[in-house]
Every structure is written in structure tokens, then in C-alpha cells.
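Trainee: Dumping the structure here so I can ask a few things about it.
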Amino acid sequence: MNTFTTLRALFPLLLATAFLADAAPLHAQQNGTETIAFRLVEWKASHFNNPADAQKHAEQLRQLGCEVAVDQHDGHIDVRTRTGGWKSVTLGSHALCDQWEAWLKSAGFETLHGHGHAPAAGSIAVQFQQPAWRTQHFNNQAQAQETALLFKALGCEVQEGQHAGHFDLTVRCTTARTLTCASHDQAHALQNWLNQNGFQTQHAH
1 MNTFTTLRAL FPLLLATAFL ADAAPLHAQQ NGTETIAFRL VEWKASHFNN PADAQKHAEQ
61 LRQLGCEVAV DQHDGHIDVR TRTGGWKSVT LGSHALCDQW EAWLKSAGFE TLHGHGHAPA
121 AGSIAVQFQQ PAWRTQHFNN QAQAQETALL FKALGCEVQE GQHAGHFDLT VRCTTARTLT
181 CASHDQAHAL QNWLNQNGFQ TQHAH
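In terms of the UniProt record's numbering, the sequence shown opens at residue 1 and continues consecutively.
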């Protein structure tokens, strides 16, 4: 049984855990839960020979808030999906986040999840920290919400507010955290984004 099949079999249990965690208070990260951000900008297809497996996979994706289309041709079933923008799921432990992140990546999603532990030897990683509270102002509510989602996925404390016709995000990350990257190009892009948002960063080559 391959990794994708194994994780797909675990999905209902993971999903139930995620929904319980997602009902936690706004600042749940302070109580031990963690958030993963994920997105799939372009349509991506998974192929199935078994209609029941295809239907189950499609339903799982819909429960995550993804767009889903199911097509049948040449004797098999295609389940196509995309999210457009970023979405997130909040879970009760780092171990569950690792399982979810593995499932999402195996399904073709881009993920963002800050780790509180050191990266594995030989991995490509960006370390980041923001010890003091820093506030950003947004005129667009959707942009503010998506940015808050990403900061929470990094493992930051996030306070959200609204006044005088704009939206505020106040963020800090008092302990150093790490993002594991697939390539140095991805690491540089993430490091630039973190720097633009006021983080202290480090990326070793």
C-alpha cells in the first residue's frame, strides 16, 4: 500500500480531529493546536478505477472546502480539484499536522506549516522569528483574512481587529520556527516574503 493510499484511509479520522480542533477559540495556537495552510491554484486530477474510492476522495476534498469536478472516461474516473486561494485546517498536535501535511502534499497541494523543532539533517529550510508585536493595516478584508491564515500556519500569535474603515493584524512569533522547503528557489521566495513582513530570517546554503 503506497503512502497516498495509506493516508487516504486515515483521512476520516484526521478530518474528525480537525473539525474538533477548528471549533476551538480564535487564539487556539496558544493552547497547543497548530494550523496548516494549503492551496492548489490550478486544477489537478487524481485517477481512480473504483467508483466508491473516487466518490470518497471527492467528498473528502469538498469537506476541506475545495472545488471538485468528477469526470469519467477511458474506463476510469478523474477527480479534479483546486482551491484557488489559501485555505487552512487546525489540529490538536504537531504529529497530526505532520500527517495532514503529508496527505495534502501527496494529493498535490502546496502547504505552509511552521515547525518548532530543528529541520532534519540535509533539508532545505528557512528559520524565522518576530519577537515583538508588529501591526499591519489592510483595506481589503479578504486579503487581511488570508494573511492572518498564513501567519497562523507559521505558528505565530495573531490578533485581528477592525477600525476606521480598515483591518488590523498584529503578529508576533517569540520563538524561532522553521519552514522546510522543496528547493532553494522556494526557500528564497519564502524568505523574501517573511522579510517583507518584518520577520528575522536565516537560510543556510
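Heads up, the beta-carbon is just placed ideally off N, CA and C, and yes, glycines get one too.
To the nearest angstrom, how far is it from the Cα of leucine 194 to the Cα of asparagine 139?
Mentor: The count along the sequence shown starts at 1 and reaches residue 194 at position 194. The count along the sequence shown starts at 1 and reaches residue 139 at position 139. Rounded to the nearest angstrom, the two C-alpha atoms are 21 Å apart.
Trainee: If you compare alpha carbons, which of Cys173, Val68 and Ile124 is closest to arginine 134?
Mentor: For the purposes of this step, residue 134 is identified with residue 134 of the sequence shown, where counting begins at 1. Nearest option by C-alpha distance: Cys173.
Trainee: Tell me, please, which residues DSSP counts as bridged to valine 70.
Mentor: For the purposes of this step, residue 70 is identified with residue 70 of the sequence shown, where counting begins at 1. Paired residues: Val79.
Trainee: Confirm, please, whether the CB-CB distance from glycine 114 to leucine 179 is below 8 Å.
Mentor: Numbered from 1 along the sequence shown, position 179 holds the residue referred to as residue 179. Numbered from 1 along the sequence shown, position 114 holds the residue referred to as residue 114. Closer than 8 Å, so yes.
Trainee: Using C-beta distances below 8 Å, list every residue in its chain close to phenylalanine 199, excluding the 5 sequence neighbours before and after it, in chain order.
Mentor: For this step, residue 199 is matched to residue 199 along the sequence shown. Only Phe128, Gln129, Gln130 and Cys173 meet the Cβ criterion.
Trainee: One question on the structure: do glycine 65 and lysine 87 come within less than 8 Å of each other, judged by their Cβ atoms?
Mentor: Translated into the one-based positions of the sequence shown, residue 65 becomes position 65. Translated into the one-based positions of the sequence shown, residue 87 becomes position 87. Yes.
Trainee: Sort out for me which residues DSSP pairs alanine 125 with in a bridge.
Mentor: Here residue 125 corresponds to residue number 125 of the sequence shown, with the count starting at 1. Beta-bridge pairing links alanine 125 to Thr180.
Trainee: Valine 89 to alanine 37, Cα distance in whole Å?
Mentor: For the purposes of this step, residue 89 is identified with residue 89 of the sequence shown, where counting begins at 1. For the purposes of this step, residue 37 is identified with residue 37 of the sequence shown, where counting begins at 1. Rounded to whole angstroms, valine 89 to alanine 37 spans 7 Å at the Cα level.
Trainee: Is the CB-CB distance between aspartate 71 and arginine 80 below 8 Å?
Mentor: Within the sequence shown, numbered from 1, the residue matching residue 71 stands at position 71. Within the sequence shown, numbered from 1, the residue matching residue 80 stands at position 80. Cβ distance < 8 Å, so aspartate 71 and arginine 80 count as in contact.
Trainee: Can you give the Cα-Cα distance for tryptophan 103 and serine 183, rounded to whole angstroms?
Mentor: Within the sequence shown, numbered from 1, the residue matching residue 103 stands at position 103. Within the sequence shown, numbered from 1, the residue matching residue 183 stands at position 183. Cα-Cα distance, rounded: 20 Å.
Trainee: Just list the residues that DSSP pairs arginine 62 with in beta bridges.
Mentor: Numbered from 1 along the sequence shown, position 62 holds the residue referred to as residue 62. BP columns for arginine 62 are empty, so no partner.
Trainee: Return the residue from the list Gly116, Val171, His117 and Gln196 that minimises the CA-CA distance to alanine 132.
Mentor: Position 132 of the sequence shown, counted from the first residue, corresponds to residue 132. Nearest of Gly116, Val171, His117 and Gln196 to alanine 132, Cα basis: Val171.
Trainee: Please name the residue in Asn192, Gly32, Val126 and Gln162 whose C-alpha comes closest to that of histidine 94.
Mentor: In the sequence shown, residue 94 corresponds to position 94, counting from 1. Checking every option, the nearest Cα to that of histidine 94 belongs to Gly32.
Trainee: Which residues in the same chain as alanine 189 place their Cβ atom closer than 8 Å to its Cβ, once the five residues preceding and following it in sequence are excluded?
Mentor: Taking the sequence shown and counting its residues from 1, the one referred to as residue 189 is at position 189. Excluding five sequence positions before and after alanine 189, none of the CB atoms of its chain fall closer than 8 Å to its own CB.
Trainee: Taking the C-alpha atoms as reference points, what is the distance between glutamine 162 and histidine 137?
Mentor: As a working mapping, residue 162 is identified with position 162 in the sequence shown. As a working mapping, residue 137 is identified with position 137 in the sequence shown. Distance between the alpha carbons of glutamine 162 and histidine 137: 9 Å.
Trainee: Rounded to whole angstroms, what is the Cα-Cα separation between glycine 108 and glutamine 159?
Mentor: On the sequence shown, residue 108 is found 108 positions in, with the first residue counted as 1. On the sequence shown, residue 159 is found 159 positions in, with the first residue counted as 1. Looking at the two C-alpha atoms, the distance is approximately 31 Å.
Trainee: Can you tell me whether serine 88 is helix, strand or coil according to DSSP?
Mentor: Here residue 88 corresponds to residue number 88 of the sequence shown, with the count starting at 1. If DSSP states are grouped into helix, strand and coil, serine 88 belongs with the strands.
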